[in-house]
Amino acid sequence: MVEENTGANKDEQIGFHKGALSTLAKERQELSKILGIVEQLMQMHVKALQELGVDLVKMAEDQKGTAGKTESKPIEDLVNK
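Counting along the sequence shown from 1, when you hit position 74 you're at 74 in my numbering, and nothing is skipped either side.
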């Protein structure tokens, strides 16, 4: 009787873990989609800034040069320069 109960418990655990993996795989797919959308939006904004004459390479170099010297600033401060 104890062996049957243990077998059922093991089957429940296997089912639980399989279900969890299935759910997590779907979540990972959705996260990948979201990352793709975010990347597209970022590229659109980069392109728009370049068309407006903003030198993003220079901004990145300026940030890289001062990264160790100052505390990090919120993104709003960087965009509003």
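We put the beta carbon where it would ideally sit given N, CA and C, even for glycine.
**OP:** Identify whether Gly19 lies in helix, strand or coil by the three-state DSSP scheme.
**Re:** As a first step, residue 19 is located in the sequence shown; it is residue number 19 there, counting from the start. Looking at Gly19 - three-state DSSP - the assignment turns out to be helix.
Subject >> Reduced DSSP secondary structure (H/G/I, E/B, other) of Val79 >> reply: Counted from its first residue, the sequence shown places residue 79 at position 79. Val79: helix per DSSP, three-state reduction.
Subject >> Residue range of the alpha helix (DSSP H) that includes Asp55 >> reply: For the purposes of this step, residue 55 is taken as the residue at position 55 of the sequence shown. Per DSSP, Asp55 belongs to no alpha helix (DSSP H) and is neither H nor E.
Subject >> Ile37 to Glu27 span [Cα, whole Å] >> reply: On the sequence shown, residue 37 is found 37 positions in, with the first residue counted as 1. On the sequence shown, residue 27 is found 27 positions in, with the first residue counted as 1. Using only the alpha carbons, I get a separation of about 15 Å.
Original post:
From Lys18 to Ala25, what distance separates their C-alpha atoms?
Top reply: As a working mapping, residue 18 is identified with position 18 in the sequence shown. As a working mapping, residue 25 is identified with position 25 in the sequence shown. Roughly 11 Å between the two C-alpha positions.
**OP:** Determine the DSSP secondary structure at Lys47, reduced to helix, strand or coil.
**Re:** Your numbering for residue 47 matches position 47 in the sequence shown. It is helical.
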